[in-house]
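So the structure is just underneath, and the comments pick up after that.
Numbering (this note's numbering), first residue to last: 466 to 723.
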């Protein structure tokens, strides 16, 4: 830990970081103590990085406390470190992070909620999309929110997304917004979106036509998969009925030759 704070050579600091991480859970008490001493931001960030490499509930709980750190550099590192853990409790932390004042933190949380396919986060992600339509927020956040909604694949996202495509006046880059929404609708692949996707497929914008074509193909693939599943469910019954041969009636005795 002293090397992490004092070494001028970046390679030395990196090796020290990896060495502490390899110690694992036994390193948690001194790491926690170092954080409680309110170290310089760069040492605190290095400790947060180490905690991301240590498995277990205790390391996760220490990380979670620093999601409210006043230094945005620390909060960004907390999100990166928690993302490595695939802990179910991370979902709530990332949802809280959507309200962060820093765009980079919000963006990272949106990405991770998409990775987790968090249905719980869907209402908040839809809010992010709606906010993006009425304010000049970072379009990167808008696009990632659409991407996350598509990955989640919940049908509750279809109607709000369709309403965006039907609007004539939208702030920002209209083509980028429409492309993001069309992609998300393709990932959800709900039949209620077919009409609007077809409208864009028949439109004049070549890029949006391409996006709509890919989305419609996903709807068709999903429909074919459902038909195939229904046929598979019916096959045992059909096979049984074909395998059952009618019982043969006893043949009459041959007539006596005269």
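Where is the CB? At the ideal position from N, CA and C, for every residue including glycine.
In the structure shown, residue 504 adopts coil according to DSSP, grouped into three states. Counting every other CB atom within 10 Å of its CB across the protein chains shown gives residue 565 a total of 16 or more, marking it as buried.
In this structure, the beta-carbon distance from residue 619 to residue 587 falls below 7 Å.
The continuous alpha helix (DSSP H) containing residue 625 extends over residues 623-630. Between residue 546 and residue 563, the gap from beta carbon to beta carbon reaches 7 Å or more. In the DSSP assignment, residue 664 falls within the unbroken alpha helix (DSSP H) covering 659-666. When secondary structure is reduced to three states using DSSP, residue 557 falls in the helix class.
DSSP, reduced to helix, strand and coil, places residue 645 within a helical segment of the structure shown. With contacts defined by Cβ atoms closer than 7 Å, residue 664 and residue 684 do not form a contacting pair. A residue is called buried once 16 or more other Cβ atoms fall within 10 Å of its Cβ, and residue 690, having fewer, is exposed. In the displayed model, residue 535 falls within coil according to three-state DSSP, outside both helix and strand. Residue environment for residue 515: buried (at least 16 other C-beta atoms within 10 angstroms of its C-beta). Within the same chain, and ignoring the five residues on either side of residue 649 in sequence, the residues whose Cβ sits closer than 8 Å to its Cβ are 611, 612, 614, 615, 622 and 626.
Closest option to residue 523, judged by alpha-carbon separation, among 539, 492 and 503: 492. The beta-carbon separation of residue 525 and residue 509, rounded to 17 Å, does not stay under the 8 Å limit for a contact.
Taking 7 Å as the cut-off, the Cβ atoms of residue 519 and residue 500 do not count as close.
Taking 7 Å as the cut-off, the Cβ atoms of residue 609 and residue 576 count as close. Ranked by Cα distance from residue 666, the options 657, 656, 682 and 652 are led by 682.
The Cβ atoms of residue 680 and residue 647 sit closer than 7 Å to each other.
Within the same chain, 525 come within 7 Å of residue 552 by CB-CB distance, once the 5 residues on both sides are set aside. For residue 467, the enclosing alpha helix (DSSP H) begins and ends at 467-471. No residue range can be given for residue 584, since it is assigned to no alpha helix (DSSP H) and is classified by DSSP as neither H nor E.
With respect to the 7 Å criterion, residue 631 and residue 654 are not classified as neighbours on the basis of their beta carbons. In this structure, 583 is the residue among 670, 583, 539 and 484 with its C-alpha nearest to the C-alpha of residue 556. For the 7 Å CB-CB criterion, residue 537 and residue 573 do not form a contact. Counted as a single uninterrupted DSSP element, the alpha helix (DSSP H) harbouring residue 605 occupies residues 604-617. By the CB criterion at 7 Å, residue 569 and residue 541 fall inside the cutoff.
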